[in-house]
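**Q** FYI, in numbering that gives the first Met the number 0 the residues of the sequence shown are 0 to 373.
In this text, a Cβ means the ideal position worked out from N, Cα and C, and glycines have one as well.
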Amino acid sequence: MARVYNFSAGPSCLPEEVLQECAAEMMDYNGTGQSVMEMSHRSKAYEPIIQDAEAMVRKLMNVPENYKVLFVQGGGSTQFAMVAQNLGIRNKKAAYIETGVWAKKAAAEAKHLGVAVDVIASSKDKNYSYIPKVEKVEGDYDYVYICFNNTIMGTHYEYIPETGSIPLVADLSSCILSEEIDVSKFGLIFAGAQKNLAPAGVTLVIVREDLIPEPEACLPGTPTMSMYKTHADNDSMYNTPPCYTIYVLGKVLHWIEKKGGAAGIHRLNVEKAKYLYDFLDSSDFYHATTEVGSRSLMNVPFLTKYSDHDGSEAALAKEKEINDKFVKAAAAAGLVNLKGHRLVGGMRASIYNAMTLDGVKALVAFMKKFAEEN
Ligand SMILES: *Cc1c(COP(=O)(O)O)cnc(C)c1O
């Protein structure tokens, strides 16, 4: 079976070179006679794998010395709680910028844990199709929270809010290592790996050391596994880490390095995204749902002209029919997982690091043909 172009929002496509390397090493990793899946995480063969993965994160993201790089489990969603439990501890008050589902879920989790949440800006007024401009944040907040790339809405910050001495926390799940980023501007960054770095199972956390509290300083009831200190003090080996996922992550990081690191991969991502947005902006059949100046390079939701309607039942049915037809015909042409999220409708193409320019060109060629026929 031929491989398809996979536009899934997550888990998502991985570089073919990486998959081939994994396949080649499946039965016998490095002369051990075992797969990495079968190895003790405390073995001589495994230790260099996790150490190399951390070293590569530090190298590619230029992580300053005074930051810890942690590999934890529980996905991005567990970080919504851990951020509050570990950072929302002084004034038990935090500022959130509301840019869609993931930012809202993070704020709800903080509230649930007893942290007072101030929503200091929101783009709810236009269905989260843009990133609000927040020049400067002041106040007695324990942290300021942003979702840097909004996977569902297709928006991305083109600036970093100035928060002075208040730590800035950012969810980079869907844009990690898609661009260069100045880690020193953030107190904490986290990213579930399954969008841009690896299969599901590991979450990367990069946290400034002075923000890691002692166990007794965390919010009451914080489990040991939810304390950053537990993972920081044990080199992410307090318990069994997701060994195989970290192994693949390391390979993906070496692949990114070969593409020219964060800067190199960013140039490729700009080229791919521009190709798609330019087509959307010039089309009278399709349009992007996001505002210029807030557009994600990774997630591109788009609608057809059948989505601009009066809300009548007939028009809604026609819109649904066209969307379904698009997704089905695209899949038959080897372009899969293009169904839009129900909150935006239409279609969504996720074009993460591992999606090739050829894949984007194939998508645009299909879209042109579909527009002519419909
Ligand atoms: C997917 C996603 C999450 C949730 O990640 P899980 O690992 O499924 O918990 C959180 N934030 C963003 C921006 C995401 O794209």
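Going by DSSP, name the residue or residues bridged to S121.
**A** Answer by DSSP bridge pairing, in chain order: E97.
**Q** Taking 8 Å as the limit between beta carbons, can you name the residues of its chain near E157, skipping five residues before and five after?
**A** Around E157: I130, G292 and S293.
**Q** Just to check, is the beta-carbon of C12 closer than 7 Å to a non-hydrogen atom of ligand 1?
**A** It does not: the Cβ of C12 is nowhere closer than 7 Å to a heavy atom of ligand 1.
**Q** Whose CB is closer than 6 Å to a heavy atom of ligand 2? List the residues in chain order.
**A** Because ligand 2 does not appear in the structure shown, any question about it cannot be addressed here, the ligands present being ligand 1.
**Q** Any idea what DSSP makes of M60, helix, strand or coil?
**A** Looking at M60 - three-state DSSP - the assignment turns out to be helix.
**Q** If you measure between the beta carbons of L252 and A272, is that distance less than 8 Å?
**A** No, Cβ-Cβ distance for L252 and A272 is not below 8 Å.
**Q** Where A377 and V299 are concerned, what is the direct C-alpha to C-alpha distance, given to the nearest angstrom?
**A** The shown model of the chain, from 0 to 373, leaves out residue 377, and the question about it has no answer.
**Q** Mind checking which residues open and close the beta strand (DSSP E) that includes N126?
**A** It is not in any beta strand (DSSP E) - N126 carries neither H nor E in the DSSP assignment.
**Q** Taking the CB atoms as reference points, tell me whether I205 and Y66 lie closer together than 8 Å.
**A** Cβ distance < 8 Å, so I205 and Y66 count as in contact.
**Q** By DSSP, does Y227 sit in helix, in strand, or in coil?
**A** Of the three classes helix, strand and coil, the one that applies to Y227 here is helix, per DSSP.
**Q** Across the stretch 252–263 and the stretch 169–179, are there enough close Cβ pairs to call them in contact, namely three or more that are closer than 8 Å?
**A** Cβ pair count under 8 Å is three or more, so yes.
**Q** Check K184 in the structure and name its three-state DSSP category.
**A** Correct three-state label for K184: helix.
**Q** Whose C-beta lies closer than 8 Å to the C-beta of V133 among residues of the same chain, with five residues either side of it excluded?
**A** I96, I119, A120 and P160.
**Q** Who pairs with M346 in a beta bridge, going by DSSP?
**A** Answer by DSSP bridge pairing, in chain order: F301 and K338.
**Q** State the beta-bridge partners of I145 as determined by DSSP.
**A** I145 is bridged to A169.
**Q** If you pair each beta-carbon of the stretch 314–329 with each one of the stretch 236–245, do three or more pairs fall below 8 Å?
**A** Verdict: no, contact absent.
**Q** For F284 versus A370, is the C-beta spacing smaller than 8 Å?
**A** Their beta carbons are under 8 Å apart, which means F284 touches A370 by this criterion.
**Q** Using 8 Å as the threshold, is the C-beta distance between N126 and Y351 below it?
**A** No, they are not a contact pair.
**Q** Just how far apart, CA to CA, sit S7 and A199?
**A** Cα to Cα, the separation comes out at about 13 Å.
**Q** CB G310 to CB T202, shorter than 8 Å?
**A** Not in contact: G310 and T202 (Cβ atoms no closer than 8 Å).
**Q** Whole angstroms are fine: how far does the CA of I49 sit from the CA of C242?
**A** Using only the alpha carbons, I get a separation of about 8 Å.
**Q** Please name the residue, chosen from G153, H155, D139 and D232, that lies closest to G163 on a Cα-to-Cα basis.
**A** Nearest option by C-alpha distance: D139.
**Q** Return yes when the Cβ of V363 is within less than 8 Å of the Cβ of Y274, no when it is not.
**A** Yes, these two residues count as a Cβ contact at 8 Å.
**Q** Can you name, in chain order, every residue of its own chain whose Cβ lies under 7 Å from the Cβ of S42, other than the five neighbours on each side?
**A** Within the same chain, S42 has no close Cβ partners at all.
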